[in-house]
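Numbering (the working numbering) for the sequence shown: 868 to 1758.
Heads up, the beta-carbon is just placed ideally off N, CA and C, and yes, glycines get one too.
Just so you know, these numbers come straight off a predicted model, no measurement behind them.
Contents: one structure, followed by commentary.
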Amino acid sequence: MQLKSYQQAALDALDGFLSRALASGPAEAFAHAVADQEGAAALEGRRLEPRVYQPLEQLPDVPYVCLRLPTGGGKTLLAAETIRLAARSYLRRTYPLVLWMVPSDAIKSQTLEALKDRTHAYRRRLDDNFGGHVRVFDIAEFEMLRPQDLQRSACVVVSTIQAFRVTNTVGRRVYAHHEELEPHFSGVPTAGMEVVSAEEAAGNGMLREGAVKFSFANLLYHQRPLMIIDEAHNAVSGLSREVQARLRPAAIVEFTATPRQRNNILFSVTASALKDEEMIKLPIRVRPHDDWREAVSATVATRNMLEAKGDKDRDFIRPVALYQAQAKNGHPTVAELKSYLIEEKLIPEARIKVATGEQRELDGVNLRDRREPTRHVITVDALKEGWDCPSAYVLCATQSLSSQTAVEQLLGRVLRMPYATRRKDAALNCAYAHVSEPSFAAAAEGLRDKLIDMGFTDEEVRESLQPRGVEQDAQGNLFDPDPVRPRPVLQVTVQDSPEARAHLNGLQEDGVDYVPKPDGTLLVGLTGAVPETAVAGVRTVVRDEDHGHFDAQLAKHRAKVEAQKTRAELGAVIDVPRLLLEMDGEVFAADTDAIYERADWSLLDHPAVLSETELSFRRDEDVIEIDLEGEKLVYSRSTHEMPQLSGLVLPDDADLELSLIQWLVRECRHRWITEAEMQPWVAGLIGNLLEREGVTARTLIDWQHQIAARMRWKIEEIHKIERGRAHQMALFDMSAKPTWDAANVIRFDDTVYRTVPTQPIGAMRFKRHLLGADRAPFLDGDLNGQEFQCAWSLDSLDEVDVWVRNVARHPDSFWLPRVGARFYPDFIARLTDGRIFVVEFKGEHLVGAPEAREKDRIGRLWAKTTDNVFLMVRQVAHGVDAGGQMRAAVS
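And the structure:
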């Protein structure tokens, strides 16, 4: 399973934090990580919330951080990867002991099932990282843990927080004395461990008051495990802190979508990042309803529409609808909702499953099986934990959202994207919510808090909630409630009847909707460019004497639709030539990875040396010091036993040296370096270290993990140097052959950015924007913002025919190669003379930054190669405003 870019970024931040915490302590390491992130955000024009490290009161020196990932971000996968990082970067143990804490029995069962299954992606990651030496235990199985397990395997114990979180430890199994655990306590220091109380001694004649208990809690206290906490917002109470002090973990890493103030957020992933990686469905199309029956009916219609589209998709997708029923004292109950689906909506009972505390009809059901008939799932709140179905698409909430916290959990179930990849049909990339609320505003407000609780930011909530269909205003008129893009609506009144409603229900997904009126009629609305099939369908329910009026209104409606069409809808396109490269007779897109794959370099060309500055050793009786770039590590031999490589208790230092080299080759694996190159380079480096005075193979074994960490750093530095060199030679040297091809372009047309949030701009209207006169993908959110003013200046240029906002990191956007990254310019324009004009806006504080210079350089190369125009524009340059700079560039 390939990690997503945001997952790798989170792990990189954690790896850097743990490595630095080993040298300088968690507070300084946290501050360093935050400063790095703030600097990177500033270069991109973003501002991060300030963060200050809050140590655990009773364990101030224990690294304690939180990774924030929204629902659907893959927290469990990252937790599995964290074990490897912590073992090598901080714990200094080949095989760590891990206490994996979860908030409930349901999540514990789910986690155990995945980690014990050797075919599951999570377990495969663990096995790959520890050479198959992995053992997984339920907390109920801790008595099976043997000392040899801890020496030979990475041991993961999965437990609920509640198993440890008690005020009085007497009688709790993890704190009780167990004779089976005695081998773990042979010859170990017992200071600080819990002892047998008078009450326990009185209850068991074999125990002596004041003696150290052979308890699992005391075993953890001695072993100092890595503590992983899932859904960490459940573990921030004072009692949880007391538990952590009892167990004395070596490091604590938390995962949650909704951190509390006490969580030290080391790295935060946004919902937008998940959408960019195609992990979740967005936007959420919200439709309000006055009555739960209407919400259910609309849910059925939406699910049917999605199934028809899913049948045409390359992968099997059978959309599932989730219905949130009410408890026994509310309406509709589970029984009422199921009855309505069967009797009124004619759903076969075999297609309906009930999942509550009492009815568990989903147990053992595989919803990805083509033969499984389930399309509808009714629950109250039983799906909130331990259930995952990416084909769930539609949520039906049958009560006011403000009073139902269960909706938050159900909503998370309809956000996961099937197969974690964007579907060809845009409808299958959205989630849907039909809710019993009087208006879109009320529904959106109700969902807002739910989404924020799931890890969305305020801005992402505004971008992600979109209205769907039509509704009725106070005067009884139909209107489209979408405040972003209003569309013309044709309204016609027909006689109400069950037959008319059933007929119109079948036309909903063609832009037809209706609302009942008190006088026994239906007000029918046709929204936007309605297809002929929908028009013909509505005509059948219009009275014969009203056909003439209907036809006249239809002609006016279509004229409005035509007048509102965007430049893209009228056929305008912008074709931007990619920057290509010719190397060794092959032409390919100028991507950094593609360049690097073709670069001719070897690790063996670089000295296999760690200098005294980079790594130094000093011994003084019971204290050993190691310096890393001036950051001093001091360990007392009396309190820190350095774990050694298993199998290295050999008398011959030559054998130790060979085993160490083989271990380091495995630990320092790099995707761009073969083992054939790594082996002699590592051997040379170890040989160089052994030439130092007083350093033996056993010294290096003592510090194997620190040496591995510094070697990985060294190799990564070499990799960066070679990457930059390859980039320079391929693109900018005299022998470089940048080129382009008219057939290899990025096309911006009517299909682009359909799922990208847009922003209204009030009375201001862009005249030349490809996607509409008054709409564009989000700029900097402020009409007075510099980026918006740059867009306004671009739109005002007579030389510009049409332009579009180039959305960063979107798969359909235009990019240019940077060293190890991609550069997405802000704006793309087609000039009246046919040239392409690419514009990147830079604030004054960023103009001289290395990143800005790199972007300007590659932009100018693209322009020179393709005979187009590139400009890095500033708000004011040499007294000339942005408009003047652009006008000078294109003329």
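Asked, Found
"Report the rounded CA-to-CA distance for Glu1066 versus Ser1303, giving the unit in angstroms.", "57 Å"
"Taking 8 Å as the threshold (C-beta atoms), are Pro1186 and Gly1177 in contact?", "yes"
"If you draw a straight line from the C-alpha of Glu1109 to the C-alpha of Arg1280, how long is it?", "34 Å"
"Report yes or no: do the stretch 941-957 and the stretch 881-889 share at least 3 C-beta pairs separated by less than 8 Å?", "yes"
"Would you decide whether Leu1588 is buried or exposed? Buried here means 16 or more other CB atoms lie within 10 Å of its CB.", "Per the sequence shown, the amino acid found at residue 1588 is Ile instead of Leu. It counts as exposed."
"For Ile809 and Thr1241, what's the separation of their Cα atoms in angstroms?", "Residue 809 falls outside the range modelled here, since the chain spans only 868 to 1758, and no answer is possible."
"Compare the beta carbon distance of Gly1404 and Pro1355 with 8 Å and say whether it is the shorter of the two.", "no"
"Closest to Val1025 by C-alpha separation, out of Ile974, Leu878 and Met1450, would be which residue?", "Ile974"
"Mind checking Asp995: buried by the 16 CB within 10 Å criterion, or exposed?", "exposed"
"With burial defined as no fewer than 16 other Cβ atoms inside 10 Å of the residue's Cβ, what is the status of Met1753: buried or exposed?", "buried"
"Met1578 lies in the alpha helix (DSSP H); which residues open and close that run?", "Gln1571 to Leu1598"
"Taking the beta strand (DSSP E) that Leu966 falls in, what are its first and last residues?", "Leu964 to Val969"
"Around the Cβ of Leu1446, are there at least 16 other Cβ atoms within 10 angstroms (buried) or fewer (exposed)?", "buried"
"Touching or not, the stretch 1429-1449 and the stretch 1608-1617, by the rule of three or more beta carbon pairs under 8 Å?", "yes"
"In the structure shown, what three-state DSSP assignment does Ala1021 receive?", "strand"
"His1537 to Val1120, Cα distance in whole Å?", "25 Å"
"I'd like to check one pair, Met1450 with Ala1597: are the Cβ atoms closer than 8 Å?", "yes"
"Rounded to whole angstroms, what is the Cα-Cα separation between Glu905 and Leu915?", "6 Å"
"Roughly how many whole angstroms lie between the Cα atoms of Gly1231 and Glu1239?", "11 Å"
"Among Pro1215, Leu1295 and Pro1126, which residue has its Cα nearest to the Cα of Arg1621?", "Leu1295"
"Measure the alpha-carbon distance for Phe1134 versus Gln874 and round it to whole angstroms.", "10 Å"
"If you follow the alpha helix (DSSP H) that Ser886 is in, where does it begin and where does it stop?", "Ser872 to Ser891"
"Going by CA-CA distance only, name the one from Glu1654, Glu1436, Pro1678 and Ile1585 that's closest to Leu1638.", "Glu1436"
"Could you tell me the boundaries of the beta strand (DSSP E) in which Ala1456 lies?", "Glu1453 to Ala1456"
"Work out the CA separation of Pro1678 and Ala907 for me, nearest whole Å.", "22 Å"
"Report buried or exposed for Met1094, applying the criterion of at least 16 other Cβ atoms within 10 angstroms of its Cβ.", "buried"
"Helix or strand or just coil, what does DSSP make of Met1450?", "strand"
"Distance, Cα to Cα, Ile1493 vs Ala1730?", "Below a pLDDT of 50, predicted positions are generally treated as unreliable, and Ile1493, at 41, falls in that range; the measurement from the model is reported next regardless. Each residue's alpha carbon lies about 51 Å from the other."
"With H, G and I counted as helix, E and B as strand and the rest as coil, what does DSSP make of Gly1392?", "strand"
"Which residue from Val1667, Trp967, Ala1475 and Pro1684 puts its Cα closest to that of Gln1029?", "Trp967"
"Alpha carbon to alpha carbon, how far is Gln1431 from Gly1378?", "16 Å"
"Out of curiosity, what's the CA-to-CA distance linking Leu1141 and Thr1288?", "11 Å"
"Got a sec? Which residues, its chain only, sit under 6 Å from Gln1546 by beta carbon, not counting five neighbours each side?", "Val1532"
"May I ask which residues mark the beginning and end of the beta strand (DSSP E) holding Lys1220?", "Ile1219 to Ala1222"
"Tell me, please, which residues DSSP counts as bridged to Ala1259.", "Val1187"
"Below 8 Å CB to CB, which residues in the same chain sit around Ser1020 once its five sequence neighbours on both sides are set aside?", "Tyr962, Phe997, His1000, Val1001 and Arg1002"
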